[in-house]
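Participant:
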Amino acid sequence: MTENWPPDGLVGDSTVVTVRLSMFGPERYRCPASDVLKARGLRPRAQAAWKPEALEPFPNGPFMDAADELDQQVDEESPRAPRIRQGRALHDGVRQWTDHALRMYRKAFPVDPDLRLARQPWVYKHQQVAGGDQATVEFRITAWGRCLESADGRLRELRLPVNRLRARTEAERAIAALVAAEGDFDPRLRRVRVLQFALSDGRTAPIFEGTRDEALAVYREDGAPAVRALLDSREYRPGSACASCAVAPVCPALPRTEGLLGLADRSRPRRSWSPTTGRGHQGCPARGYLRGLRLPTDDAVERSAAVERGRAVHAFLAERHGRQQRMPCTPEVPTDWVPEGYRLPDAERQLGAQLLSHHAEVCPLRTVKPGTGVRNEPRLVFDDTAADLLVLADPDLLYQDAGSWVWRETKTSASDRPRRDLLAAYPQLALAVKIIGSGVLPGRQTGGRVELELLRPAGADLRILDPFAPSIRAAAEAILCEQVSGWHRETLFEAVPGSECASCEVAEWCSARRSQQPGPESAQ
Numbered sequence: 025m026t027e028n029w030p031p032d033g034l035v036g037d038s039t040v041v042t043v044r045l046s047m048f049g050p051e052r053y054r055c056p057a058s059d060v061l062k063a064r065g066l067r068p069r070a071q072a073a074w075k076p077e078a079l080e081p082f083p084n085g086p087f088m089d090a091a092d093e094l095d096q097q098v099d100e101e102s103p104r105a106p107r108i109r110q111g112r113a114l115h116d117g118v119r120q121w122t123d124h125a126l127r128m129y130r131k132a133f134p135v136d137p138d139l140r141l142a143r144q145p146w147v148y149k150h151q152q153v154a155g156g157d158q159a160t161v162e163f164r165i166t167a168w169g170r171c172l173e174s175a176d177g178r179l180r181e182l183r184l185p186v187n188r189l190r191a192r193t194e195a196e197r198a199i200a201a202l203v204a205a206e207g208d209f210d211p212r213l214r215r216v217r218v219l220q221f222a223l224s225d226g227r228t229a230p231i232f233e234g235t236r237d238e239a240l241a242v243y244r245e246d247g248a249p250a251v252r253a254l255l256d257s258r259e260y261r262p263g264s265a266c267a268s269c270a271v272a273p274v275c276p277a278l279p280r281t282e283g284l285l286g287l288a289d290r291s292r293p294r295r296s297w298s299p300t301t302g303r304g305h306q307g308c309p310a311r312g313y314l315r316g317l318r319l320p321t322d323d324a325v326e327r328s329a330a331v332e333r334g335r336a337v338h339a340f341l342a343e344r345h346g347r348q349q350r351m352p353c354t355p356e357v358p359t360d361w362v363p364e365g366y367r368l369p370d371a372e373r374q375l376g377a378q379l380l381s382h383h384a385e386v387c388p389l390r391t392v393k394p395g396t397g398v399r400n401e402p403r404l405v406f407d408d409t410a411a412d413l414l415v416l417a418d419p420d421l422l423y424q425d426a427g428s429w430v431w432r433e434t435k436t437s438a439s440d441r442p443r444r445d446l447l448a449a450y451p452q453l454a455l456a457v458k459i460i461g462s463g464v465l466p467g468r469q470t471g472g473r474v475e476l477e478l479l480r481p482a483g484a485d486l487r488i489l490d491p492f493a494p495s496i497r498a499a500a501e502a503i504l505c506e507q508v509s510g511w512h513r514e515t516l517f518e519a520v521p522g523s524e525c526a527s528c529e530v531a532e533w534c535s536a537r538r539s540q541q542p543g544p545e546s547a548q
């Protein structure tokens, strides 16, 4: 969508263009159009009222503040304990995470008397004449990280903090190298080192090491083309980034709907909501909050055998349903069906194959006609203007039947025991009913339905919900109200310790968690 570029209703001074290394990170959390407009300093002419959260929203900010003091104490004989600068209140989980991150930072980087904290973060600046009026534009490139240098100025080390180590693109490597080599230019510089370090476990990984000339060569090869592509991009990619995007109120690609979640209150801070948000908050506000901050989770919980099997089944079906030549699934499942990246014990692998063979009985591609729209695991995003909330949904499959939308959710279970109240058990179905029943999807607005595919050892069970039936709509709205209203009013997201602490994936960051000793029942 590039008809109106930039979008109407924006103002700003584009004589300074600021590109950040984070703009080249994982695509799932980025919108290229938002990055470009932010880089060029454009903002809506009509600014929305500022509605700050009571708690500090950036979980790694307190770490950076405290690490500044930690790095400044290298030459002191008796280092002081690091203090976090005053600002908004910190959630208990963020405090626990910050303390842990500081320990991991010192584990990754023991005190090095040859390196000291730079006076200020390095910023690469370059001026050039642009446009017919010969206006001068200053381009800036920054990288959020720890900037350290030797006393003689011959060595620089840029340390990039991440929650967990991840693969870096060639563009990220090149841009980080440029910032370290050319940011706040120092003629004494001879060597540059860039690495990432994990706040979760203290591991490090090299990204670049070389001379200034080598850094410039890498940037010209891999960095400059990526920067040009970013600044030329007009791609809108609605997603979670829309919650904090200043341009969202005038974005032509963000669907707007009033009252989707049933609330009419714009006084609260702008947030994003999904069924996962609702489930997490109902069980324990702190659990949902810390998950929303994307703090590292406990793999023993987050990637348990049963959970991993369910995800592997979904990944297998997504690959099958996403093929260019769409063919209905068959009961024949290969012995090596488990997709790459998943590890399953033999029992779960065999159960998964059994469940997948049952899927063939209810595979939606059996009824999909050639040329009909099929969207495999799409990200749906809506701006609920009545509550100033960004609504996120991820159907397993969205397809059309006779021109009407069908929303399919697939669940796997090792048990044959049926669930009675489907909407309460699977809140995403309530949101699906509201979305299809409200007609907010493009195209035909009648005749749609919501499907729940339950795969159990005994077979497949396909449940169908009519989003236009008054009783179904009322039940869905009641579930959404229960899920959203308390969370929307929440300010402090305090922990509610209980039996669920033993299976909480973010319990490591909670000082209120209840210690669980396994008894006879839990051992079974």
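393 is the number that my numbering gives to position 369 of the sequence shown; each next residue is one higher, with no gaps. Using N, Cα and C, we set each Cβ at its ideal position, and we do this for glycine too.
#1: For A310, report the span of its alpha helix (DSSP H) as first-last.
#2: So, is M351 buried or exposed, given that buried needs 16 or more other C-beta atoms within 10 angstroms?
#3: Kindly indicate if chain B contains any beta-carbon less than 7 Å away from that of V216.
#4: For S58, does the count of other Cβ atoms within 10 angstroms reach 16, so buried, or fall short, so exposed?
#5: In whole angstroms, what separates the C-alpha of R64 from that of T160?
#6: Could you give the distance in angstroms between the alpha-carbon of E77 and the alpha-carbon of V386?
#7: Sort out for me which residues DSSP pairs V398 with in a bridge.
#8: So D420 and T434 are supposed to be a Cβ contact under 8 Å. How far apart are they, rounded?
#9: Straight-line CA distance for G33 to D323?
#10: CA-CA distance, T470 and L476?
#11: Would you tell me roughly how many angstroms separate the C-alpha atoms of K149 and T193, rounded to the nearest one?
#12: Once DSSP output is grouped into helix, strand and coil, what is the label at G365?
#13: Have a look at the DSSP bridge pairing and note the partners of C171.
#14: For I199, which residues of its own chain have a beta-carbon under 6 Å away from its beta-carbon, when the five flanking residues on both sides are left out?
#15: Our contact map puts A417 next to I460 with C-beta atoms below 8 Å; I'd like the distance itself, whole angstroms only.
#16: Examine the Cβ distances between the region 229-242 and the region 283-292 and report whether three or more of them are shorter than 8 Å.
#17: Assign L422 to one of two classes, buried (16 or more other C-beta atoms within 10 Å of its C-beta) or exposed (fewer than that).
#18: Assign S268 to one of two classes, buried (16 or more other C-beta atoms within 10 Å of its C-beta) or exposed (fewer than that).
#19: Tell me where the alpha helix (DSSP H) around P86 begins and ends.
#20: Using three-state DSSP, classify Q469 as helix, strand or coil.
#21: Quick check on DSSP: helix, strand or coil for Y260?
#22: Pick from R69, C55, P50 and E51: whose alpha carbon is nearest that of D37?
#23: Would you list the residues sitting across from W297 in a DSSP beta bridge?
#24: Let me check understanding here. Comparing Cα to Cα, which of Q151, G111, F87 and P145 lies closest to R130?
#25: Would you list the one or two residues that DSSP bridges to S428?
#26: Counting along the chain, where does the beta strand (DSSP E) carrying E162 start and finish?
#27: By the 10 Å Cβ neighbour count, where 16 or more other Cβ atoms means buried, how is W29 classified, buried or exposed?
#28: Tell me which residue opens and which closes the alpha helix (DSSP H) that A336 is part of.
#29: To which residues does DSSP link L404 through a beta bridge?
#30: Are the region 333-345 and the region 356-366 touching by the rule of at least three beta carbon pairs closer than 8 Å?
#31: Going by DSSP in three states, Q374 sits in which element: helix, strand or coil?
#32: Does DSSP put P451 in a helix, in a strand, or in coil?
#33: Going by C-alpha to C-alpha distance, which of P211, L66, L61 and E532 sits closest to L6?
#34: Output the distance between the C-alpha atoms of S535 and L486, rounded to the nearest integer angstrom.
#35: Can you confirm whether the region 486-499 touches the region 264-279 when touching is taken to mean that 3 or more C-beta pairs between the two stretches lie within less than 8 Å?
#36: Between A456, A519 and T42, which lies nearest to V203 when the distance is taken from Cα to Cα?
Facilitator: Let's see:
#1: Where A310 is concerned, the enclosing alpha helix (DSSP H) stretches over P309 to G316.
#2: It is exposed - the Cβ of M351 has fewer than 16 other Cβ atoms within 10 Å.
#3: Here there is only one protein chain, and chain B is not present.
#4: When all chains shown are included, S58 counts as buried.
#5: Straight across, the Cα-Cα distance linking R64 with T160 is about 14 Å.
#6: Note on geometry: alpha-carbon atoms of E77 and V386 lie some 45 Å from one another.
#7: Note: V398 sits in a beta bridge opposite Y423.
#8: So it is a contact: roughly 5 Å between Cβ atoms.
#9: Near 45 Å, if we compare the C-alpha coordinates of D323 and G33.
#10: If you take the alpha carbons of T470 and L476, they lie about 19 Å apart.
#11: CA-to-CA, the gap between K149 and T193 works out to about 22 Å.
#12: Correct three-state label for G365: coil.
#13: Per DSSP, L182.
#14: By the criterion of a C-beta distance shorter than 6 Å, I199 is surrounded in its chain by L45 and G247, once the five residues flanking it on both sides are discounted.
#15: About 11 Å separates the two Cβ atoms, so there is no contact after all.
#16: Fewer than three Cβ pairs drawn from the region 229-242 and the region 283-292 lie within less than 8 Å of each other, which leaves the two stretches out of contact.
#17: Its Cβ being crowded by 16 or more others within 10 Å, L422 is buried.
#18: Of the residues assessed, S268 falls on the exposed side of the cut-off, its CB having fewer than 16 other CB atoms within 10 angstroms.
#19: Run containing P86: G85 to Q96, per the alpha helix (DSSP H) assignment.
#20: For Q469, the secondary structure class from DSSP, reduced to helix, strand or coil, is strand.
#21: Y260 carries a coil assignment under DSSP once its states are collapsed to helix, strand and coil.
#22: The shortest CA-to-CA distance from D37 to any of R69, C55, P50 and E51 is the one to R69.
#23: DSSP output for W297 lists V415 as bridge partner(s).
#24: That would be F87, whose Cα lies nearest to the Cα of R130.
#25: Beta-bridge pairing links S428 to D425 and R468.
#26: Annotation: the continuous beta strand (DSSP E) that includes E162 extends over A159 to T166.
#27: Exposed, because fewer than 16 other Cβ atoms sit within 10 Å of the Cβ of W29.
#28: A336 -> alpha helix (DSSP H) spans A329 to H345.
#29: DSSP output for L404 lists A417 as bridge partner(s).
#30: In short, these stretches touch, since the Cβ pair count reaches three.
#31: Assigned with DSSP and collapsed to three states, Q374 falls in helix.
#32: Three-state DSSP puts P451 in a helix.
#33: Limits of the chain in this structure are 25 at one end and 548 at the other, which puts residue 6 out of reach.
#34: Roughly 43 Å separates the two Cα atoms.
#35: Because the criterion of three Cβ pairs below 8 Å is not met, the region 264-279 and the region 486-499 do not touch.
#36: Closest in C-alpha terms to V203, from the list A456, A519 and T42, comes T42.
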